[in-house]
Amino acid sequence: MRAQPIASHFVNGAYLEDAAGAPLEVLYPATGEVIALLHEATPAVIEAALAAASAAQGAWAALRPVERARILRRAADLIRERNPDLAQLETLDTGKPIQETLVADWPSGADAIEFFAGLAPSVTGETIPLGRDFAYTLREPLGVCVGIGAWNYPSQIACWKAAPALALGNAMVFKPSELTPLGALQLAEILAEAGLPPGLFNVVQGRGAVGASLVSDGRVAKVSLTGSVPTGRKVYAMAAEGVRHVTMELGGKSPLIIFDDADLESAVGAAMLANFYSAGQVCSNGTRVFVQAGIKARFLDRLAARTAAIRLGDPLDVDTQMGPLISGLQADKVMGYVTRAVAEGARLVCGGTRTQGNFVAPTVFADVTDAMELAREEVFGPVMAVLDFSTENEVVTRANATQFGLAAGVFTADLTRAHRVIAALQAGTCWINAYNLTPVEMPFGGSKLSGVGRENGHAAVAHYTQIKSVYVGMGPVDAPY
Ligand code: NAD
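Using UniProt numbering, the first residue of the sequence shown is number 1, and each one after it goes up by one.
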């Protein structure tokens, strides 16, 4: 299987290669087969991308917003037309089952492009009456934005960052994860075909060091990172040197709280979606499933039965429900968590094995306690921790006893309790009787160590624009000297 792009990078409206860059092999996670050979960006490629973005941004910002929107809407249509091919490439890049990539990855990216195209023309400033005088504000683009992506939703992440950036008049240089470099190149091609002028969306490949050179460049006004907390700390610190704007979409260890009165099948289904979709490689996953005493036995019975029926296999087969983890390294890491959870006394309900290659069986642990590693650290694999609880106050305190704050969910039939509990939970993105649904209309992001800023929704406008205040004097200046 080959998925070799024309060249490694996309700069100033065209593919660009520089074979002097360190090699970057792209592996199909299901088989380990090399599907493409790319090169990391050299300083010359990075320079070309930043120079192209800086040169193109002013004219783009000067267009009427509807003119920018028209190009973006065309790109969203092209993505939808090509979704089957794009989904196949996404599956090769990530190993995620085609039944997911067909409905989740590029479709969500197209939604973001369409949404921000629609929103941008109505973004305006305000007028502020000041008696005889007045002031007004302009919402201006930031300039050149850098996007850095994780490997779990590579194309969706590229679209979620590019869409508001471009719609609001910015240029972007995007660095995908070194493990999943292919989707962003497709986005660059599609945007160019839709009529985006050269230089406004550039893709450069590479590992962390390439990201670091982008983040520390003086021409960059904003950095949006999706990645882990340790990387977030480094990137945030580098961005602080230049007092750049940041959006940080980082990791989590989110609580999903199931009360006795919850609808059993919905709660079980949500817990599975919250731990097994994309083989558990989802930042907002509800990996601490708190289950109230009265429903625990029935919950675990149904969970074990439904989990055992999950079909692992060839990600390109439409019947496959779970694929491999992204890499051997990630599978090793996940199996390490499994082994240590057993050693710490968690009860293995099902799974717990590495079936072959990078494949790990969907795994459920019960009787997990707050102090165990499995309840504290982000595993980023298909491993669910079920914890017991008795009272509402107790579970809220325990759910909040973490440095992360990305997401949270509550399942209950009691409307008042649902809202009361959500109000008390420290998390940026919450669900009531649902989990992990992230429509573009709804802001998404974390609190505490899970991040700053928000993607999607009207909230993203504030993170890709800045306000210029203009005071207008309408009469003679009254100076005391
Ligand atoms: P990672 O932190 O290892 O890498 C993320 C990106 O940062 C990669 O492109 C990487 O090359 C780059 N990078 C690494 N070091 C850098 C540096 N010093 N300077 C600039 N860039 C650097 O994360 P990952 O393993 O690719 O992804 C998994 C993590 O991402 C998990 O923690 C997950 O929770 C998180 N994530 C968060 C969200 C969210 O929206 N909150 C979404 C998806 C994934």
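Backbone N, C-alpha and C define an ideal beta-carbon position, used for all residues, glycine too.
Beta-ladder partner(s) of residue i, from DSSP
{"i": "W431", "result": "G409"}
{"i": "Q292", "result": "F389"}
{"i": "H245", "result": "K222"}
{"i": "Q88", "result": "DSSP lists no partner for Q88."}
{"i": "Q356", "result": "F359"}
{"i": "M172", "result": "C145 and F201"}
{"i": "I128", "result": "A135"}
{"i": "residue 483", "result": "Residue 483 falls outside the range modelled here, since the chain spans only 1 to 481, and no answer is possible."}
{"i": "E140", "result": "Q466"}
{"i": "G451", "result": "E249"}
{"i": "V11", "result": "A14"}
{"i": "L182", "result": "Beta-bridge pairing links L182 to no other residue."}
{"i": "I258", "result": "V291 and F411"}
{"i": "A366", "result": "R347"}
{"i": "Y471", "result": "A135"}
Three-state class that DSSP yields for residue i in the structure shown
{"i": "P324", "result": "coil"}
{"i": "A297", "result": "helix"}
{"i": "P164", "result": "helix"}
{"i": "I148", "result": "strand"}
{"i": "I113", "result": "helix"}
{"i": "M272", "result": "helix"}
{"i": "Q466", "result": "strand"}
{"i": "Q426", "result": "coil"}
{"i": "C350", "result": "strand"}
{"i": "P121", "result": "helix"}
{"i": "R2", "result": "coil"}
{"i": "Y28", "result": "coil"}
{"i": "E100", "result": "helix"}
{"i": "P230", "result": "helix"}
{"i": "Y316", "result": "The sequence shown places Leu at residue 316, rather than the Tyr named in the question. Here L316 sits in coil by DSSP."}
{"i": "K333", "result": "helix"}
{"i": "L196", "result": "coil"}
{"i": "M384", "result": "strand"}
{"i": "P154", "result": "helix"}
{"i": "Y481", "result": "coil"}
{"i": "V342", "result": "helix"}
{"i": "V210", "result": "helix"}
Close-in-space but distant-in-sequence residues of the same chain around residue i (CB under 7 angstroms, 5 per side omitted)
{"i": "L191", "result": "A75 and F201"}
{"i": "D319", "result": "R311"}
{"i": "L185", "result": "P5, F10 and V203"}
{"i": "V229", "result": "L250, G251 and L449"}
{"i": "I98", "result": "A87, Q88, T91, P315, L316 and V318"}
{"i": "L182", "result": "A3, P5, V26, A36, L89 and D93"}
{"i": "R454", "result": "P443, F444, G445, A460 and H463"}
Distance between residue j and residue i (C-alpha atoms, nearest Å)
{"i": "residue 499", "j": "F10", "result": "Absent from the model: residue 499. The displayed extent of the chain is 1 to 481, so no value can be given."}
{"i": "M172", "j": "N12", "result": "11 angstroms"}
{"i": "P43", "j": "F276", "result": "39 angstroms"}
{"i": "F444", "j": "L325", "result": "24 angstroms"}
{"i": "P198", "j": "A56", "result": "7 angstroms"}
{"i": "A346", "j": "G409", "result": "23 angstroms"}
{"i": "R233", "j": "V452", "result": "11 angstroms"}
{"i": "V383", "j": "R354", "result": "12 angstroms"}
{"i": "L273", "j": "I257", "result": "14 angstroms"}
{"i": "T397", "j": "R376", "result": "14 angstroms"}
{"i": "A150", "j": "G294", "result": "39 angstroms"}
{"i": "E100", "j": "A49", "result": "32 angstroms"}
{"i": "A239", "j": "K222", "result": "8 angstroms"}
{"i": "V282", "j": "M474", "result": "55 angstroms"}
{"i": "S213", "j": "R244", "result": "14 angstroms"}
{"i": "S284", "j": "I467", "result": "31 angstroms"}
{"i": "D263", "j": "V34", "result": "45 angstroms"}
{"i": "V338", "j": "A117", "result": "44 angstroms"}
{"i": "G328", "j": "T231", "result": "21 angstroms"}
{"i": "A385", "j": "N152", "result": "21 angstroms"}
{"i": "D217", "j": "A237", "result": "13 angstroms"}
{"i": "T402", "j": "I422", "result": "16 angstroms"}
{"i": "R306", "j": "V268", "result": "8 angstroms"}
Neighbourhood of residue i by C-beta distance below 6 angstroms, restricted to the same chain and skipping five residues each side
{"i": "I6", "result": "Y15"}
{"i": "G147", "result": "K161, M172, F174 and S224"}
{"i": "G211", "result": "I148 and K175"}
{"i": "T438", "result": "F444"}
{"i": "G280", "result": "G381 and P382"}
Any chain D beta carbon closer than 7 angstroms to residue i
{"i": "L191", "result": "Structure shown: chain D not included; a single protein chain is present."}
Contact test: residue i Cβ vs the ligand COA heavy atom, cutoff 6 angstroms
{"i": "V235", "result": "As for the ligand COA, it is missing from this structure, which binds only the ligand NAD."}
Cβ-based neighbour list, residue i, same chain, cut-off 8 angstroms, excluding 5 preceding and 5 following
{"i": "S266", "result": "F411 and N433"}
ask   = Taking contact to mean at least 3 C-beta pairs separated by less than 8 angstroms, is the stretch 119-139 in contact with the stretch 75-88?
value = no
ask   = Can we say the stretch 108-128 touches the stretch 150-169, given the rule of at least three CB pairs closer than 8 angstroms?
value = yes
task = Would you check if the stretch 119-129 and the stretch 62-81 touch, i.e. whether three or more CB-CB distances between them fall below 8 angstroms?
result = yes
key: Stretch-stretch touch, CB-based, cutoff 8 angstroms, three pairs: the stretch 28-48 with the stretch 91-102   = yes
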